[in-house]
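Below is one structure; the comments refer to it alone.
Residue numbers (my numbering): 61 to 394.
Below is the structure:
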């Protein structure tokens, strides 16, 4: 077994996009296990927009400390165990950090570490996306949105890991689903393969007119992942008493002054806006995971992954989230 653990540690808090040196690759010895611990070999890492928030400030979790292994979700296989709940060969997902090996101990629940099953014809990486944090986020966000048959749902960052699942859940509930994405290829994917009714490329100069044309009956639900100008345009088309499930504000994560959408539309249209953090729903993860797995096996939810090879490429992968370089779930193969 390897004796060296490569890790990416936070060296400085980024300003804007990640710069060379914000995350530093270091090598440390693989620790000797104590009783009650298990060692996991990290195979895949989940690259998510919230990582940029964790680098910068305290939020729903404390900021990653300078000199600390960068926080991230990951998928690992147990290679050694002195823990009663884990044996060699078990597969787990949870907060592994950007590193090659993770020690699992009595605080496994706090790290969201949980065993994952082997499902025929389903890749390991699905437990970081559709059956992981993104599927769970989509599931509980849509519970907040309370979709009804015949309503119009608009999803921003619709070709991303969470937005693509949200749109498909909307179709399961009988909604008209309109996605907003950043390339024609992404727009084609979500309409052709995922069943969205329409898709708008926000980089086209006339995108707001096209959005208005795609929602002739107005918008009942905004599943918001982006914020900024996109959110402002969507709010202007909302129906009275519409609902906004506020999942993310990715357009502002790399800006010192991200700005806020005007509350005028919220007031005049009597909108209900609710932000949420998926970790608040941890006691119900099993319930949601079961439903998501059923939809996945029935073909009602499809997904796509963008996989980057090599732990050292993780900083570049994080930046890809903010330049539109990925379609679907973004993963680093360690």
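Think of the CB as a built atom: it goes at the ideal place given N, C-alpha and C, for glycine as much as any other residue.
Applying the criterion that 16 or more other CB atoms from any shown protein chain within 10 Å of the CB defines a buried residue, is residue i buried or exposed?
i	result
residue 322	exposed
residue 159	buried
residue 273	exposed
residue 291	buried
residue 64	exposed
residue 187	buried
residue 140	buried
residue 88	exposed
residue 343	exposed
residue 264	exposed
residue 346	exposed
residue 207	buried
residue 111	buried
Enumerate in chain order the residues of its own chain whose CB-to-CB distance from residue i is below 7 Å, with the five nearest sequence positions on each side excluded.
i	result
residue 154	133, 171, 172, 173, 174
residue 114	121, 123, 124, 131
residue 285	216, 217, 220, 222, 223, 307, 308, 310
residue 384	242, 243
residue 335	306
residue 246	219, 387
If you draw a straight line from the C-alpha of residue i to the C-alpha of residue j, how long is it?
i	j	result
residue 277	residue 298	9 Å
residue 355	residue 242	27 Å
residue 293	residue 138	48 Å
residue 374	residue 330	42 Å
residue 148	residue 61	13 Å
residue 98	residue 151	12 Å
residue 302	residue 386	30 Å
residue 254	residue 190	13 Å
residue 288	residue 363	26 Å
residue 236	residue 119	34 Å
residue 108	residue 390	7 Å
residue 229	residue 350	14 Å
residue 361	residue 226	10 Å
residue 358	residue 196	18 Å
Any idea what DSSP makes of residue i, helix, strand or coil?
i	result
residue 285	coil
residue 299	strand
residue 344	helix
residue 208	coil
residue 86	strand
residue 383	helix
residue 112	helix
residue 350	helix
residue 365	strand
residue 73	coil
Report all residues from its chain with a CB closer than 6 Å to the CB of residue i; omit the five preceding and five following residues, and keep chain order.
i	result
residue 209	234
residue 156	102, 134, 136, 162
residue 78	375, 378, 379
residue 84	69, 71
Can you confirm whether residue i, when its beta carbon is compared against all beta carbons of chain C, has any partner nearer than 8 Å?
i	result
residue 201	Reference to chain C is not applicable here, since this structure consists of a single protein chain.
Can you list, in chain order, the residues of its chain with a C-beta nearer than 8 Å to that of residue i? Leave out the 5 residues immediately preceding and following it.
i	result
residue 202	226, 229, 230, 233, 283, 305
**Report entry** Entirely enclosed alpha helix (DSSP H) segments - the segment 140-217, minimum 4 residues
**Finding:** 193-205
Query raised in the report: For the segment 239-281, which segments carrying the beta strand (DSSP E) assignment without a break, of at least 3 residues, lie completely within its bounds, in sequence order?
Result: 258-261
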